[in-house]
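Chains as they are written, first to last, in UniProt numbering: chain Z, 1 to 90; chain L, 1 to 321.
C-beta atoms are modelled at their ideal positions from N, C-alpha and C, and glycine is treated no differently.
Notes for the one structure printed next.
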Amino acid sequence: MFFGLMPLIKMTILMINAIAILSEDRFLARIGWSTATPAEPQTFGMQQQIVANESIKAKTMNLISATRTLMRIPLIGINSLLIIYELLLG
Amino acid sequence: MQRGNYPPNTAASPPLHHPVPQHPVPIPVMHSPPPLQASSAYGSTYAPTPAMGHPAYGLLNDPTAQMAFQVGGRATEVAGQYVEQNLGKYLQISALKHYFNVSNGYVLQKLGLVLFPWRHRPWSRSGSQRTGASGQMEGYFLPPREDINSPDMYIPVMAFVTYILLSTLLYGLAGRFNPEQLGYTASFAFTIVILEIIIIKIGCYLLNINNDSQLLDLVAYSGYKFVGIIVTLTITTLGSKWLEYLVFGYTFNANAFFLLRSLKYVLLPDTTADNPRSTTYAVNRTQRNRRTQFLFLYSYLVQLIFMWSLSSGFSFRSAAA
């Protein structure tokens, strides 16, 4: 049972993919995990302070929404790279 | 820092320079609050940007270009500082030297501590004060040479390499040596260490532990378990199944206890004054309980899974016996 570096990379990418495809209004809002408050640039510093004092659930929600906004476009490139790698060498 | 005395409107900038924006772009200041700043200072960071950007829009003659160029120069300056800070944050070359500042006595004592942590008494790292670069007194931790509780990188790195060589040797003793085994084992051990760091980082994020301890501390602590695994693997060659389980149980417990006590001062910083880098926020009771539970889970359950897979993930056991 060798679990090398490549499976780890693949696992991380798959996990990020899984987080990134969670639908905001069809799934997250239904179970109450939606970050409903839109962050305005002016109050961002204050809001971050509030979020930082909250619970594990709030932190998880924050992590999910951050992953969704941040990784959406890079994931396209990463996924296509991985597909090409798998086609050539897998 | 050293870009401060750089003339902002030199026409011939070095070719390695970041491309200078031609019109005022206030974004880089918003993007890069200094990582070590308190979050309450975020608002004040934004304030000067519109004041610098907006007059440039109104004037449409030569000073506009000057202004734009100055803003652009400032943007590159800030970006350069940002890159320097982040490089300094993630790639602490000078900090690595601190971790290898060990002596023979320290290594022997620390090995004894990892294998027999039950009677050790003060677990907190000792620090002292010195005059920092900015002229004010700053606290710092003593290097491993002078403090037994300080994490080092020497033992983890050596144990890591020894683990790879030893498990390959055991394959050889079982008559199934293959040069690929070296690479497989190294990759596997690396994966375990990285997974551990990921787990502890996610835990820190979720539990809101904003410690200023570096990543390298955690890497060092996750490497100490290779010492116990090496002992277990050495016992494997004797061929006795019961002795092997006994030794594994002992080394696992010792390592978990060691981690629990050591990480307590990394992850659960106390607010008393004897800690030189003491954080000043107050932690309420439930949060503290949660952190303790996470620490326990990490140092017992997660370590059990990882140590077991590291020491028995190979099939040489039955063949060597």
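Pairwise C-alpha distance: residue j and residue i
i: K57(Z); j: Q287(L); result: 13 Å
i: residue 327(L); j: T251(L); result: Since the first and last residues shown for chain L are 1 and 321, residue 327(L) lies out of range.
i: I83(Z); j: K225(L); result: 36 Å
i: G73(L); j: L75(Z); result: 32 Å
i: L169(L); j: V161(L); result: 12 Å
i: T191(L); j: F69(L); result: 47 Å
i: V227(L); j: I13(Z); result: 32 Å
i: N275(L); j: I194(L); result: Here N275(L) scores only 42 on pLDDT, less than 50, and its place in the model is too uncertain to base an answer on.
i: L28(Z); j: M61(Z); result: 9 Å
i: D152(L); j: L113(L); result: 13 Å
i: L173(L); j: T236(L); result: 11 Å
i: F316(L); j: F257(L); result: Unreliable placement is indicated for F316(L), whose pLDDT of 46 sits below 50; no coordinate value is reported for it.
i: L88(Z); j: P144(L); result: 48 Å
i: N101(L); j: D147(L); result: 11 Å
i: L216(L); j: Q66(L); result: 45 Å
i: N253(L); j: S311(L); result: 14 Å
i: R290(L); j: G90(Z); result: 43 Å
i: R125(L); j: K264(L); result: 11 Å
i: residue 94(Z); j: V78(L); result: The displayed coordinates of chain Z run from 1 to 90. Any statement about residue 94(Z) would go beyond what the structure contains.
i: Q293(L); j: T76(L); result: 45 Å
i: Y85(Z); j: Y154(L); result: 36 Å
Bounding residues of the alpha helix (DSSP H) (the contiguous stretch that carries residue i)
i: L243(L); result: 241–267
i: residue 354(L); result: Missing from the structure shown is residue 354(L); chain L here goes from 1 to 321 and no further.
i: Y154(L); result: 154–173
i: V112(L); result: For the record, residue 112(L) in the displayed sequence is Gly; it is not Val. Here the alpha helix (DSSP H) through G112(L) covers 104–115.
i: N289(L); result: 285–297
Assigned secondary structure, residue i (DSSP; H/G/I helix, E/B strand, else coil)
i: F141(L); result: strand
i: S34(Z); result: coil
i: S94(L); result: helix
i: G90(Z); result: coil
i: G203(L); result: helix
i: S23(Z); result: coil
i: S309(L); result: helix
i: S65(Z); result: helix
i: P55(L); result: Reliability of the predicted coordinates at P55(L) is poor, the pLDDT of 47 falling under 50, and no value is obtained from them.
i: G127(L); result: strand
i: E180(L); result: helix
i: G73(L); result: helix
i: F100(L); result: coil
i: R72(Z); result: helix
i: G228(L); result: helix
Closer than 7 Å at the beta carbon, the chain L residues around residue i
i: K59(Z); result: Y205, L206, N208
i: L28(Z); result: None at all; the shortest Cβ gap to chain L is about 17 Å.
Partner residues on chain L for residue i, Cβ-Cβ distance less than 9 Å
i: I13(Z); result: None at all; the shortest Cβ gap to chain L is about 13 Å.
i: L63(Z); result: I202, Y205, L206
i: I56(Z); result: L206, L207, N208, R290
Contacts that residue i makes with chain Z (C-beta to C-beta distance below 8 Å)
i: L259(L); result: By Cβ distance, chain Z contributes nothing, its closest Cβ being about 22 Å from L259(L), past 8 Å.
i: L195(L); result: L8
Contact set between residue i and chain Z, taken where Cβ atoms lie within less than 7 Å
i: F190(L); result: L5
i: S187(L); result: G4, L5
Review point. Are three or more beta carbon pairs between the segment 4–12 of chain Z and the segment 182–189 of chain L nearer than 8 Å?
Key: yes
Exercise for review: Specify whether the segment 15–33 of chain Z and the segment 192–206 of chain L touch according to this definition: at least 3 beta carbon pairs, one from each stretch, less than 8 Å apart.
Suggested key: With the cut-off at 8 Å, the segment 15–33 of chain Z and the segment 192–206 of chain L do not touch.
Check your understanding: Can we say the segment 236–244 of chain L touches the segment 175–184 of chain L, given the rule of at least three CB pairs closer than 8 Å?
Key -> no
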